[in-house]
Amino acid sequence: MIEHQDEVDAMFDALVDQLKLVLPDFGEVLALDGKGIETHARGRKVEEGEQKKPDGRRDTDADWGVKSYHGQREDGTLWEKVTSWFGYKLHLIVDANYELPLAFKVTKASEAEMPKAHDLLDEMEERHPDILERCEYLDADRGYDDGKLISRLWDSYGIKPVIDIRNMWKDGEDTKVIEGKWNIIYNYKGQVFCVCPKTGKNREMAYGGFEKDRETLKYRCPAQHYGYDCSGCSKCPVKKAVRIPLAEDRRVFTPLARSSFQWKSIYKKRTSVERVNSRLDVSFGFEEHFIRGLTKMKLRCSLALCVMLAMALGRIKENQEKLMRSLVKSA
Numbered sequence: 004m005i006e007h008q009d010e011v012d013a014m015f016d017a018l019v020d021q022l023k024l025v026l027p028d029f030g031e032v033l034a035l036d037g038k039g040i041e042t043h044a045r046g047r048k049v050e051e052g053e054q055k056k057p058d059g060r061r062d063t064d065a066d067w068g069v070k071s072y073h074g075q076r077e078d079g080t081l082w083e084k085v086t087s088w089f090g091y092k093l094h095l096i097v098d099a100n101y102e103l104p105l106a107f108k109v110t111k112a113s114e115a116e117m118p119k120a121h122d123l124l125d126e127m128e129e130r131h132p133d134i135l136e137r138c139e140y141l142d143a144d145r146g147y148d149d150g151k152l153i154s155r156l157w158d159s160y161g162i163k164p165v166i167d168i169r170n171m172w173k174d175g176e177d178t179k180v181i182e183g184k185w186n187i188i189y190n191y192k193g194q195v196f197c198v199c200p201k202t203g204k205n206r207e208m209a210y211g212g213f214e215k216d217r218e219t220l221k222y223r224c225p226a227q228h229y230g231y232d233c234s235g236c237s238k239c240p241v242k243k244a245v246r247i248p249l250a251e252d253r254r255v256f257t258p259l260a261r262s263s264f265q266w267k268s269i270y271k272k273r274t275s276v277e278r279v280n281s282r283l284d285v286s287f288g289f290e291e292h293f294i295r296g297l298t299k300m301k302l303r304c305s306l307a308l309c310v311m312l313a314m315a316l317g318r319i320k321e322n323q324e325k326l327m328r329s330l331v332k333s334a
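Position one of the sequence shown corresponds to residue 4 (my numbering), numbered consecutively onward.
Right, here's the structure in full:
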């Protein structure tokens, strides 16, 4: 089977193509993530006098991967969780509505996720360009918070990135001023505020939508939008609304505003890729496996993902779309 990896990859792409025909909205919302696959084998020993020739009991391709999680508690204190594993990493793009894979790569555990995200997009551009054309949103956690990726998604494919953001402001500022608008400020999460000229009080502005032709986000005066009095209204340069170009900060200001309710709703679909990862662990046995070597790991991942797609396709053809992810109920 290892010698036929190209044929297995072609089978995966053929299944994706068939699913595009039976699911018209297949690929409209994508989710991206990297999954650690731990191996219980020992690595190559390099101590003096140790035999370095592979003996079948060690995994000489695997290495160590580390992933950090950060957050803030309700009391304002920060927390960090660091996990590490010895093995491999599966980089995966899935359909967030149907929880089915669309593109993947298998690497050593130490491989960074961000470069592989671009590689996956390159692969989809070559093999499934129509999916990139129909895709509206791509979800990812803050590990993929990168200006180049965010810009590429929108500029090259018209995909609205829904990617969580890290606080990269190193100067200690809580807010920054919009260029040319002295009383309009924003924070790293994309919330926009107006500063009352009379009281100095900050009020969050109302999101008014994205203007595609101008590539600007529109924010309305909160006093006019919500209907309350503002003592500094006569001195405020913002009469009705302001337009903020995406170029102000491509990470903070995205075509789907981070401060909008829709952003939060779409971002919830990111968990779809986590459920796919869970099925790989539990149903396909990657949580406890005896696979040795990168070549074998890629083959086994490829076959597992092909089974996911084939099961879904068969269920749909049997008018059992609601069971497309089931591996236990008979057709």
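Built from N, CA and C at the ideal position, the CB exists for glycine as well.
Beta carbon of A106 nearer than 7 angstroms to that of E136: no
So, for R254: in the same chain, excluding its five sequence neighbours on each side, which residues have a beta-carbon less than 7 angstroms away from its beta-carbon? D148, G150, I153, I168
For the alpha helix (DSSP H) holding P225, just list the boundary residues, first then last. 225–229
Taking buried to mean at least 16 other C-beta atoms within 10 Å of its own C-beta, is M171 buried or exposed? exposed
Contacting residues, own chain, Cβ-Cβ under 6 angstroms from E41 (five flanking each side not counted): Excluding positions up to five away in sequence, the list reads W88, G90.
What residue range is occupied by the uninterrupted beta strand (DSSP E) comprising E214? DSSP places E214 inside the beta strand (DSSP E), whose first and last residues are 209–214.
Y191 by DSSP, collapsed to three states: which one? coil
If the criterion is Cβ atoms closer than 7 angstroms, does the pair E218 and L249 meet it? yes
Could you work out which residue in K272, D12, V19, S281 is closest to L312 when comparing CA atoms only? V19
Assuming D142 and I319 form a contact by the criterion Cβ under 8 angstroms, report the distance between their Cβ atoms to the nearest whole angstrom. At roughly 23 angstroms, the Cβ-Cβ gap does not stay under 8 angstroms, so D142 and I319 are not in contact.
Which residue marks the beginning of the alpha helix (DSSP H) containing A65, and which one marks its end? Counting along the chain, A65 falls outside any alpha helix (DSSP H), and DSSP gives it neither H nor E.
With 16 as the cutoff for other CB atoms within 10 Å, does Y222 come out buried or exposed? buried
Leaving out five residues on either side along the sequence, give the residues of the same chain with a beta carbon under 8 angstroms from the beta carbon of P240. If we look at P240 and ignore the five residues flanking it on each side, its Cβ neighbours are K184, W185, N186.
Between the beta-carbon of E114 and the beta-carbon of K92, is there less than 7 angstroms? Yes.
Do you know how far the Cα of M4 is from the Cα of L302? 8 angstroms
Cβ-Cβ distance between Y189 and A260 below 7 angstroms: no
I'd like to know whether the C-beta of Y229 is nearer than 7 angstroms to at least one C-beta of chain B. Chain labels in this structure do not include chain B; a single protein chain is all it has.
Nearest-angstrom Cα distance between S345 and Q194? Nothing can be reported for residue 345, as the shown portion of the chain is limited to 4 through 334.
Residues bridged to I96 (per DSSP): L35, A106
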